[in-house]
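For the sequence shown, position 211 matches number 1464 in this note's numbering, and the numbering has no gaps at all.
A quick write-up on the structure given underneath.
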Amino acid sequence: MKFVNKTEKKNQKFKKGKGKKSKCKDSTRQPKVKGNIDSILIAKNGKLILEEYFADANVDKLHYQMSITKSITANAIGKAIDLGIIKSENDFILNYLPEVDKSKIAKGTEKLKISDLLSMQSGIRFKGNKAKLRKGVTKKNHVELYLINTSQIPENKNYKYDGTNPSILLHILYNKTGKILSEFTEEYFFNPMGIKKYKFNKSICGIDAGAAGMELRSRDMLKIGLMIKDGGVWNGKRLLSKEWVDKKTAVHANADQPNHYEYFWWIHEAKVEDKTYDVKSARGA
């Protein structure tokens, strides 16, 4: 209750414009003042024990997701690997992108693996005029434009967080299954979990966006967290292999930082009194 009351106190400051100022200039994505929380849900032993909503939020209202959408993308790629649709995360991405003209792309992209994209270590660094390129983007040339308009991919690729990596991965999923992210996720996750209310954003080429823009109810966000916590099982039914969940939630990048990066998920340590816990999480602005 102390936590809930503290949250409400911060929310009241937010309402009055007295909270911490936001650096985000896009008011459609993030308000001018940070600190507002619209729901808190806590589950213990798989059961919901606390559910609080604030401001205009409620149990059936969709919550706009930014980068948590990436975590859903990682689940979809993992399921495609479980099903054998994608052979392995160690495969080269070009094996799944026949629409890309290999004679045009930047040097080094031929060595990029699916795992490089999942860990934000593709080394892709956009160069050029984005506004100019956006005018001619289609499903067929979207990935090719990414791979042409990048600096040369170095041998030793560093972690850099961006939306390019999930965008390319969703083209691989689309090429192999004929399904966009919402269709694939609905079939293999949302339907078995009883998640019926949701929305997905569209990318610039028309397929679903893998980096941001999904909308879910808070209860359904919690379901996904519990499924991952239980090694890919929901209500006794396996939706993801434990092998993929373990692999996905292992440290793959940013190992020297407090917040380590997994496959579009995060891990950090939380100290509570004399105990330290590994916290695995989906995160987004």
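Where is the CB? At the ideal position from N, CA and C, for every residue including glycine.
Per DSSP, Leu1301 is one residue of the beta strand (DSSP E) stretching across 1300–1306.
If only uninterrupted alpha helix (DSSP H) runs of at least 4 residues are considered, those enclosed by the segment 1402–1459 are 1417–1430, 1434–1438. Within the same chain, and ignoring the five residues on either side of Lys1455 in sequence, the residues whose Cβ sits closer than 7 Å to its Cβ are Asp1461, Ala1462. Within a 10 Å sphere around the beta-carbon of Thr1403 sit 16 or more other beta-carbons, which makes this residue buried. For Tyr1514, the three-state secondary structure derived from DSSP is strand.
Per DSSP, the unbroken alpha helix (DSSP H) holding Glu1261 starts and ends at 1255–1268. At the C-beta level, Arg1472 and Leu1303 stay beyond 8 Å of one another. In the DSSP assignment, the residues bridged to His1316 are Leu1469.
Taking 8 Å as the upper bound for CB-CB distance, Ala1465 and Met1319 are in contact here, some 5 Å apart. Shown here, Glu1363 sits in a helix according to DSSP, grouped into three states. Per DSSP, reduced to three states, the secondary structure at Ile1325 is helical. Two segments are said to touch when three or more pairs of C-beta atoms, one from each, lie closer than 8 Å; by this definition the segment 1412–1423 does not touch the segment 1299–1318. With respect to the 8 Å criterion, Ala1523 and Tyr1516 are not classified as neighbours on the basis of their beta carbons. Only residues of its own chain outside the window of five on either side were considered, and among them Met1446 have a CB closer than 6 Å to the CB of Lys1476, listed in chain order.
Closest in alpha carbon position to Gln1405, among Leu1386, Leu1365, Ala1333, is Leu1365. Sequence-distant partners of Asn1512 (beyond 5 residues in either direction) whose C-beta falls short of 7 Å from its own C-beta, in its chain, are Trp1519, His1521.
Pairing Leu1398 with Tyr1441 gives a Cβ-Cβ distance that is not under 8 Å. Secondary structure of Leu1386 (DSSP, three-state): helix. Assignment of Lys1393 by DSSP, reduced to helix, strand and coil, places it in the coil class. Taking the Cα positions, Lys1380 is about 34 Å away from Leu1469. Look at the beta carbons and you see the segment 1425–1444 touching the segment 1334–1352: at least three pairs across the two are nearer than 8 Å.
Sequence-distant Cβ neighbours of Pro1419 in its own chain, meaning closer than 6 Å and more than five residues away, are Lys1323, Thr1326, Gly1463, Ala1464.
Judged by DSSP secondary structure, Asp1499 falls within the alpha helix (DSSP H) whose first and last residues are 1495–1501. By the neighbour-count criterion, in which a residue is buried when 16 or more other Cβ atoms sit within 10 angstroms of its Cβ, Asp1527 is exposed. Approximately 5 Å separates the beta-carbon atoms of Leu1370 and Leu1422; this is inside 8 Å, confirming the contact. The beta carbon of Thr1391 is closer than 7 Å to those of Cys1458 in its chain, skipping five residues each way along the sequence.
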